[in-house]
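A.B. asks: To start, I am sharing the structure in question, which I have written as structure tokens.
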Amino acid sequence: MIGDLTIRLETPADYREVEYVTREAFWNHYVPGCDEHFLAHVLRESNCFISELDFVAVQQGRIVGNIMYTNAKIAGDDGAEYPVVSFGPISVLPEWQGNGVGSALILRSLSAARRLGHTAVLIYGDPAYYSRFGFVAAEKFGIATSDDHYADALQALELKRGSLNGKSGCFLEDHAYEVDTTASALFDKNFPPKDKLEGLPSQLKFLQHVSMRKPRR
Ligand SMILES: CC(C)(COP(=O)(O)OP(=O)(O)OC[C@H]1O[C@@H](n2cnc3c(N)ncnc32)[C@H](O)[C@@H]1OP(=O)(O)O)[C@@H](O)C(=O)NCCC(=O)NCCS
């Protein structure tokens, strides 16, 4: 863990630097290029965005990481809608990865979310990483994707014990996550050019993860 890491809320003066960090973290990681820096840009303007949970990690005066949260819901099998929160993108500059920055952002934001009264978090991500924070397969609570599949990548964490009991259904992220790829490509022109690479091990691993899903019923 790094000595003088500071976690604080993002301010408008940070926007550009955070988008740069996000682009560096995601570029070619899951697919050739990435859209997450554009996503960060549009999420802030979206109604689902939770500015009280928009944290940056600062090291030696430089932003090295960011996490963003949004309001989401479970469309319950009983016909009710249950509010939850979700996070993403979460980004750490490649040269700072593996030093506890991501963990610090997650732990700090989870405790802030709990303090704000949020009761559960649902995310898509690698279980190998998120299990260390207490996330479990959403399947354990009978919670599926929006198209009613149990997916390994869909994970849940109760911030209040028992809060997901009896809330089986489908997890619905806000529409703000549906990226306009044309607008994203245009937005990317504001950044230094970077090569798009195909077939990287991280991309193949991602494809494998995405395929790990089964119909709920
Ligand atoms: C995922 C990410 C935010 C983690 O931040 P970080 O600062 O590197 O994480 P930490 O230093 O707190 O934790 C590092 C540990 O997590 C592991 N880890 C990181 N990403 C992982 C992943 N996708 N799957 C499994 N383990 C992962 C590392 O191997 C390391 O393990 P160790 O503690 O056993 O050595 C960062 O790696 C990143 O920005 N990645 C690219 C963007 C991304 O994938 N974001 C998440 C989308 S769901």
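Residue numbers for the sequence shown follow the working numbering, so the first one is 56 and each next one is one higher. Positions of the beta carbon are idealized from the N, C-alpha and C atoms, including for glycine. All of these numbers come straight from a predicted model, not from anything done at the bench.
(1) Do you know whose CA, among ASP203, ARG117, GLU72, ILE105, lies nearest ARG268's CA?
(2) Report yes if the C-beta of PHE226 is less than 7 Å from at least one heavy atom of ligand 1; otherwise report no.
(3) CA-CA distance, SER166 and PRO144?
(4) Per DSSP, what are the beta-bridge partners of ALA127 in this structure?
(5) Kindly confirm or deny that the segment 100-111 and the segment 56-72 touch, where touching means at least three C-beta pairs closer than 8 Å.
(6) On the DSSP letters alone, give me the boundaries of the beta strand (DSSP E) that GLY224 sits inside.
(7) For ligand 1, is there a heavy atom less than 7 Å away from the beta-carbon of VAL86?
(8) Opposite ALA192 in the DSSP bridges: which residues?
(9) Could you name the residues, in chain order, whose CB is less than 6 Å away from a heavy atom belonging to ligand 1?
(10) Hey, is the segment 165-185 in contact with the segment 78-93, meaning 3+ C-beta pairs nearer than 8 Å?
(11) With DSSP as the reference, please indicate the residues paired to ILE105 in a beta bridge.
(12) Around the Cβ of ASN102, are there at least 16 other Cβ atoms within 10 angstroms (buried) or fewer (exposed)?
(13) Comparing alpha-carbon positions, which option in HIS173, VAL119, GLN263, LYS251 lies nearest GLN152?
(14) Looking only at its chain, what residues have a beta carbon closer than 7 Å to the beta carbon of GLU74, apart from the 5 residues adjacent to it on each side?
(15) Would you mind sorting TYR124 into buried or exposed? The rule is 16 or more other CB atoms within 10 Å of its CB.
(16) Let's see if you can read the secondary structure: which residues bound the alpha helix (DSSP H) around ARG268?
C.D. replies: Put simply:
(1) Walking along the sequence shown from the start, residue 268 turns up at place 213. Closest option to ARG268, Cα to Cα, is ASP203.
(2) Stepping through the sequence shown from its first residue, residue 226 is reached at position 171. Answer for PHE226: no, Cβ out of range of ligand 1.
(3) The residue given as residue 166 occupies position 111 in the sequence shown. The residue given as residue 144 occupies position 89 in the sequence shown. Each residue's alpha carbon lies about 18 Å from the other.
(4) By 1-based counting over the sequence shown, the position of residue 127 is 72. Paired residue(s): VAL139.
(5) yes
(6) The residue labelled residue 224 in the question sits at position 169 within the sequence shown. First-last of the beta strand (DSSP E) with GLY224: 224-227.
(7) Counting from one through the sequence shown, the residue named residue 86 turns up at place 31. For ligand 1, not one heavy atom lies less than 7 Å from the Cβ of VAL86.
(8) Counted from its first residue, the sequence shown places residue 192 at position 137. Paired residue(s): GLN210.
(9) ALA80, PHE81, HIS84, GLY143, ILE145, SER146, VAL147, GLN152, GLY153, ASN154, GLY155, VAL156, GLY157, SER158, GLY180, ASP181, ALA183, TYR184
(10) no
(11) Looking up residue 105 in the sequence shown gives position 50. BP columns for ILE105 are empty, so no partner.
(12) Residue mapping note: residue 102 aligns to position 47 of the sequence shown, counting from 1. By the neighbour-count rule (16 or more Cβ atoms within 10 Å), ASN102 is not buried but exposed.
(13) Reading the sequence shown from its first residue, position 97 is the one you call residue 152. Of HIS173, VAL119, GLN263, LYS251, the residue nearest in Cα terms is VAL119.
(14) Indexing the sequence shown from 1 puts residue 74 at position 19. Closer than 7 Å at Cβ, skipping near neighbours: HIS92, ALA95, HIS96.
(15) Position 69 of the sequence shown, counting from 1, holds the residue named residue 124. Buried: at least 16 other Cβ atoms inside 10 Å.
(16) Counting from 1 along the sequence shown, the entry for residue 268 is found at position 213. Run containing ARG268: none in the alpha helix (DSSP H); it sits in the beta strand (DSSP E), 268-270.
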